[in-house]
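Yeah, the sequence shown ends on 197 if you go by the UniProt record's numbering, and it's all consecutive.
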Amino acid sequence: MDNKPKLVIIVGSVREGRFGPAVASWVAEQADTHGAFDVTVVDLADYDLPLALPAASPKYAGDDYPRPAGMAELTAALDGADAFVVVTPEYNHSYPASLKAAIDWHFTQWTAKAVAFVSYGGAAGGRHAVLHLENVLTELHAVTIREGLAFPNYFTTWQDGLPLAPEAAGYAKTLLDQLAWWATALRSARHAAPFPA
Ligand SMILES: Cc1cc2nc3c(=O)[nH]c(=O)nc-3n(C[C@H](O)[C@H](O)[C@H](O)COP(=O)(O)O)c2cc1C
């Protein structure tokens, strides 16, 4: 039996002409090479993510939460994940509305699961977006990890879908080592007892 923790890599931007899929694809390659995870890439552009939410909160509605049919596969992927890498750009010193919608339509799917961030953008490399995501995901009882990867000025620091910095793969390995540790520890803890939320 394959007992590897399930890693879901989320492409956070859905903009026409976006760069996000290139970053997610490189992260997926690093994770495949790393070997600790069963890896899936989830692209938010593939799902129905309306901004208007139902009346009730997903925190209390559980499986009865009335999500659109076009979101079902996304919900299943988030449900089955033990860990996430959120790939995010920076929009106006925060993260894209597509990511906020994906987060807000769910709740238990994030709870007691490990989350790492890979960001990109201009001078700050998406760090403002990550600071906001850490704050929001903590509200959902996700465990955000310290190690992250930020790619400033990706338009000059990436070429042909790859980062030019030779140290990037080493940083990715450190991130994945720590994410795997947390994913395994939290999976055991979730199986041992329900999270007291
Ligand atoms: C609405 C919008 C706001 C942006 N704001 C910022 C910003 O605050 N900081 C930054 O570094 N880049 C900013 N950018 C530039 C993005 O980092 C760049 O367009 C990047 O390619 C966006 O990711 P995407 O291509 O995956 O959508 C912004 C881009 C858009 C479309």
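Glycine included, C-beta positions come from ideal geometry on N, C-alpha and C.
- For Q159, the pairing in a beta bridge is given by DSSP as L162.
- G20 and V86 have their alpha carbons spaced roughly 10 angstroms apart.
- The beta-bridge partner set that DSSP reports for K6 consists of D38.
- In the structure shown, A116 falls within a strand segment according to DSSP collapsed to helix, strand and coil.
- Looking at the DSSP output, S94 sits in a beta bridge with Y91.
- Spanning the alpha carbons of H132 and A169 requires a straight line of approximately 25 angstroms.
- With a 10 Å radius around the Cβ and a threshold of 16 neighbouring Cβ atoms, S57 comes out exposed.
- Counting only heavy atoms of ligand 1, the residues whose C-beta sits closer than 5 angstroms to one of them are, along the chain, S13, R15, R18, F19, G20, P89, E90, Y91, N92, H93, G121, G122.
- The criterion of a C-beta distance shorter than 8 angstroms is satisfied by L179 and A114.
- Annotation for L175: the continuous alpha helix (DSSP H) segment containing it runs 168-192.
- Residues V11, P21 of the same chain have their beta carbon placed closer than 7 angstroms to that of D43, with the five preceding and five following residues left out of the count.
- In the three-state reduction of the DSSP assignment, T75 falls in the helix class.
- Collapsing the DSSP output to three states places V136 in a helix.
- In this structure, A150 places its C-beta atom within 8 angstroms of the C-beta atom of G126.
- Here the alpha carbon of D64 sits roughly 16 angstroms from the alpha carbon of G70.
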